[in-house]
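Structure first, commentary second.
Numbering (this note's numbering), first residue to last: 1 to 149.
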(Lines of atoms letter the chains of each structure in order from A; the text may use other names.)
(Lines give C-alpha, C1' and ligand atoms only; values in the text may rest on other atoms or scores of the structure.)
Protein backbone atom coordinates (compact mmCIF):
# COMPACT_ATOMS: atom_id res chain seq x y z
CA UNK A 1 0.00 0.00 0.00
CA UNK A 2 1.47 3.43 -0.94
CA UNK A 3 2.44 5.71 1.87
CA UNK A 4 0.86 9.08 2.55
CA UNK A 5 4.07 10.90 1.52
CA UNK A 6 4.15 9.02 -1.79
CA UNK A 7 0.54 9.93 -2.59
CA UNK A 8 1.23 13.58 -1.68
CA UNK A 9 4.23 13.67 -4.01
CA UNK A 10 2.29 12.14 -6.90
CA UNK A 11 -0.59 14.56 -6.35
CA UNK A 12 1.76 17.57 -6.20
CA UNK A 13 3.59 16.46 -9.34
CA UNK A 14 0.38 15.94 -11.30
CA UNK A 15 -0.93 19.40 -10.29
CA UNK A 16 2.35 21.01 -11.39
CA UNK A 17 2.27 19.22 -14.74
CA UNK A 18 -1.37 20.21 -15.28
CA UNK A 19 -0.65 23.87 -14.58
CA UNK A 20 2.38 23.91 -16.88
CA UNK A 21 0.48 22.54 -19.84
CA UNK A 22 -1.33 25.86 -20.33
CA UNK A 23 2.00 27.68 -20.54
CA UNK A 24 2.86 25.77 -23.71
CA UNK A 25 -0.53 26.17 -25.41
CA UNK A 26 -0.42 26.94 -29.11
CA UNK A 27 -2.65 29.45 -30.89
CA UNK A 28 -3.99 28.91 -34.40
CA UNK A 29 -5.50 31.39 -36.84
CA UNK A 30 -7.71 30.75 -39.85
CA UNK A 31 -10.32 32.46 -42.01
CA UNK A 32 -13.70 30.74 -42.39
CA UNK A 33 -16.06 30.72 -45.40
CA UNK A 34 -17.64 34.04 -44.35
CA UNK A 35 -14.27 35.79 -44.24
CA UNK A 36 -14.26 35.87 -40.42
CA UNK A 37 -10.82 35.53 -38.79
CA UNK A 38 -10.80 32.90 -36.04
CA UNK A 39 -8.30 32.16 -33.28
CA UNK A 40 -8.22 28.99 -31.22
CA UNK A 41 -5.95 26.62 -29.36
CA UNK A 42 -7.01 23.89 -31.83
CA UNK A 43 -6.59 24.14 -35.61
CA UNK A 44 -10.16 24.58 -36.88
CA UNK A 45 -9.49 24.11 -40.58
CA UNK A 46 -6.84 22.55 -42.77
CA UNK A 47 -5.53 26.03 -43.64
CA UNK A 48 -5.01 27.05 -40.00
CA UNK A 49 -1.62 28.58 -39.26
CA UNK A 50 0.12 28.61 -35.91
CA UNK A 51 0.50 32.13 -34.49
CA UNK A 52 3.63 33.15 -32.61
CA UNK A 53 2.79 35.20 -29.54
CA UNK A 54 5.36 37.90 -28.78
CA UNK A 55 6.03 39.43 -25.43
CA UNK A 56 5.44 43.18 -25.46
CA UNK A 57 8.90 44.75 -25.57
CA UNK A 58 7.99 48.39 -25.33
CA UNK A 59 9.64 50.81 -23.00
CA UNK A 60 7.56 53.05 -20.86
CA UNK A 61 8.22 56.75 -21.12
CA UNK A 62 9.82 58.25 -18.05
CA UNK A 63 8.31 61.27 -16.41
CA UNK A 64 11.02 63.86 -15.97
CA UNK A 65 10.63 65.59 -12.65
CA UNK A 66 10.63 69.36 -12.69
CA UNK A 67 13.77 69.49 -10.54
CA UNK A 68 15.70 67.32 -13.03
CA UNK A 69 14.48 69.37 -15.98
CA UNK A 70 15.45 72.61 -14.24
CA UNK A 71 18.87 71.16 -13.41
CA UNK A 72 19.45 70.18 -17.04
CA UNK A 73 18.32 73.58 -18.30
CA UNK A 74 20.51 75.43 -15.84
CA UNK A 75 23.58 73.52 -17.02
CA UNK A 76 22.95 74.63 -20.59
CA UNK A 77 22.65 78.32 -19.80
CA UNK A 78 25.47 80.49 -18.49
CA UNK A 79 23.63 82.92 -16.28
CA UNK A 80 24.26 84.73 -13.05
CA UNK A 81 21.93 82.33 -11.28
CA UNK A 82 24.48 79.53 -11.73
CA UNK A 83 26.92 81.30 -9.47
CA UNK A 84 24.55 80.72 -6.56
CA UNK A 85 25.24 77.24 -5.21
CA UNK A 86 22.19 75.37 -4.05
CA UNK A 87 22.37 72.23 -1.95
CA UNK A 88 20.90 69.25 -3.77
CA UNK A 89 17.87 67.84 -1.99
CA UNK A 90 18.60 64.98 0.41
CA UNK A 91 17.48 61.63 -0.92
CA UNK A 92 16.52 58.88 1.50
CA UNK A 93 18.30 55.52 1.36
CA UNK A 94 15.05 53.86 0.33
CA UNK A 95 14.69 56.24 -2.63
CA UNK A 96 18.36 55.67 -3.58
CA UNK A 97 17.80 51.91 -3.62
CA UNK A 98 14.69 52.36 -5.75
CA UNK A 99 16.53 54.58 -8.23
CA UNK A 100 19.50 52.19 -8.27
CA UNK A 101 17.25 49.20 -9.02
CA UNK A 102 15.43 51.21 -11.68
CA UNK A 103 18.76 52.05 -13.35
CA UNK A 104 19.91 48.41 -13.24
CA UNK A 105 16.62 47.23 -14.74
CA UNK A 106 16.84 49.87 -17.48
CA UNK A 107 20.41 48.83 -18.35
CA UNK A 108 19.40 45.16 -18.50
CA UNK A 109 16.34 45.88 -20.64
CA UNK A 110 18.15 48.17 -23.07
CA UNK A 111 21.17 45.86 -23.39
CA UNK A 112 19.14 42.69 -23.93
CA UNK A 113 17.13 44.08 -26.85
CA UNK A 114 18.13 45.01 -30.32
CA UNK A 115 15.59 47.46 -31.62
CA UNK A 116 13.48 49.29 -29.04
CA UNK A 117 10.06 50.86 -29.35
CA UNK A 118 7.75 52.88 -27.17
CA UNK A 119 4.24 54.24 -27.31
CA UNK A 120 3.88 57.95 -28.13
CA UNK A 121 1.10 60.29 -26.92
CA UNK A 122 -1.17 59.22 -29.78
CA UNK A 123 -0.88 55.57 -28.71
CA UNK A 124 1.25 54.63 -31.72
CA UNK A 125 4.42 52.56 -31.57
CA UNK A 126 7.56 54.44 -32.53
CA UNK A 127 10.97 52.84 -32.89
CA UNK A 128 14.00 54.46 -31.26
CA UNK A 129 17.06 55.11 -33.36
CA UNK A 130 20.36 53.55 -32.32
CA UNK A 131 21.53 56.98 -31.15
CA UNK A 132 18.45 57.37 -28.92
CA UNK A 133 19.00 53.85 -27.58
CA UNK A 134 22.63 54.65 -26.74
CA UNK A 135 21.57 57.90 -25.05
CA UNK A 136 19.11 55.99 -22.87
CA UNK A 137 21.78 53.44 -22.02
CA UNK A 138 24.26 56.19 -21.14
CA UNK A 139 21.69 57.96 -18.96
CA UNK A 140 20.89 54.70 -17.15
CA UNK A 141 24.60 54.06 -16.50
CA UNK A 142 25.04 57.58 -15.11
CA UNK A 143 22.01 57.06 -12.89
CA UNK A 144 23.47 53.75 -11.71
CA UNK A 145 26.81 55.38 -10.91
CA UNK A 146 25.05 58.11 -8.96
CA UNK A 147 22.68 55.99 -6.86
CA UNK A 148 24.36 52.56 -6.61
CA UNK A 149 27.25 53.28 -4.29
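Where a beta carbon is used, it is the ideal one built from N, C-alpha and C, also for glycine. Model, not experiment: these values are computed from the prediction.
query, result
"Work out the CA separation of residue 91 and residue 111 for me, nearest whole Å.", "28 Å"
"Which residue's Cα is closest to the Cα of residue 108: 128, 144, 11 and 41?", "144"
"Pull the bridge partners of residue 50 from the DSSP assignment, please.", "28"
"Determine the DSSP secondary structure at residue 149, reduced to helix, strand or coil.", "coil"
"Around the C-beta of residue 136, are 16 or more other C-beta atoms found within 10 angstroms, so that it is buried, or is it exposed?", "buried"
"Measuring straight from C-alpha to C-alpha, what distance separates residue 12 and residue 30?", "37 Å"
"Under a Cβ-count criterion, where at least 16 other Cβ atoms within 10 Å of its own Cβ denotes burial, should residue 5 be classed as buried or exposed?", "exposed"
"What residues match up with residue 40 in a beta bridge as DSSP calls it?", "28"
"Going by beta carbon distance, what residues of the same chain come within less than 8 Å of residue 125, once the five residues before and after it are set aside?", "58, 117, 118 and 119"
"How many Å lie between residue 51 and residue 94 at the Cα?", "44 Å"
"Can you tell me the Cα-Cα spacing of residue 104 and residue 97, whole angstroms?", "10 Å"
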